[in-house]
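Laid out in structure tokens, this is it:
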């Protein structure tokens, strides 16, 4: 049975959509993280369901395959009492030649309240948001942004270290293709953390320094005195050509093992957005080190963060409808 609704007043989150971290203010990010804390505790209770999305329809529209992100959003919506439909491009009319806009207009006619969208092209979620009447959450678009991943990373760090401001965070690996890196650069910079990027030159976008980060091409130099070591997946599906000689050589110079990790602070946390390529980006012993690795904790925080985001946007919908 769902518990009676006694939610504390919700945060001031004035945005209709959540398309990226860029443009969010520190109070807005803090408010989403604070709300997520409530859902972390709720998700650890025997009764995990609340009725805050009752009557709302959430469509997970994934143009790229994803298991963990889609499942996390699905679980988040269900635990808030929403109706959830999962729509995969493999079974959609897009395969029959329908355009993205056609799909958007078709879905719009079904009156969903929230579209959760993942797409391989940067900017696709922005385009969709301009064509539909409902709220849109970006679940990852091309190499642009993945805002809920950055929020769950921030929540994981804040719960472990108590703050974001002043921390030294190293983001390592395939920066060029990573929407996770961009959202984290925006969020961590906005919240007062310092960000270093460590990658081979072939996996760094030109002019990335303009985002206020330090760039390193050597793991031991880049990891020196870092509080957080955030590894990234090599996104081979987005690579056209050879970006490094071999995965063996990549691991030798840019894979995280205990030898390289020794340059970070002794209590530095290890993170990875998953899925991991063990022995390529990260050594298995390091990934499974329960004293340092928070990779599993990141997955748990993901559900809570997505519940907070869904609730924030549904509150705004209710205001727009004159029901709040």
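In my numbering, the protein residues as written are 1 to 324. Cβ coordinates follow ideal geometry from the N, Cα and C atoms, glycine included.
Is it the case that the Cβ atoms of residue i and residue j are separated by a distance below 7 Å?
i, j, result
"residue 76", "residue 303", "yes"
"residue 174", "residue 317", "no"
"residue 36", "residue 155", "yes"
"residue 183", "residue 135", "no"
"residue 172", "residue 211", "no"
"residue 70", "residue 63", "no"
"residue 194", "residue 222", "no"
"residue 286", "residue 256", "yes"
"residue 305", "residue 152", "yes"
"residue 132", "residue 108", "yes"
"residue 227", "residue 268", "yes"
Return helix, strand or coil for residue i, following the three-state DSSP convention.
i, result
"residue 321", "coil"
"residue 153", "helix"
"residue 73", "helix"
"residue 235", "coil"
"residue 139", "strand"
"residue 215", "strand"
"residue 269", "strand"
"residue 294", "coil"
"residue 2", "Residue placement at residue 2 is poorly supported in this model, since its pLDDT is 49, which falls under 50; the coordinates are not used for a value here."
"residue 186", "helix"
"residue 24", "coil"
"residue 19", "coil"
"residue 130", "coil"
"residue 52", "coil"
Under the DSSP definition of a beta bridge, which residues are partnered with residue i?
i, result
"residue 57", "83"
"residue 165", "Note: residue 165 sits in no beta bridge, so no partner."
"residue 172", "198, 231"
"residue 145", "141"
"residue 88", "62"
"residue 119", "141"
"residue 278", "282"
"residue 114", "58, 135"
"residue 256", "282"
Does any residue of chain B bring its CB to less than 7 Å from the CB of residue i?
i, result
"residue 251", "Checking the listed chains, one finds no chain B in this structure; it contains a single protein chain."
Does at least one heavy atom of the ligand SAM sit under 6 Å from the Cβ of residue i?
i, result
"residue 294", "With respect to the ligand SAM, the structure offers nothing, as it holds no ligand at all."
Checklist entry - Touch check for the region 49–66 and the region 176–184: three-plus C-beta pairs under 8 Å? => result no
Checklist entry - When the Cβ atoms of the region 158–166 are set against those of the region 110–127, are three or more pairs found closer than 8 Å? => result no
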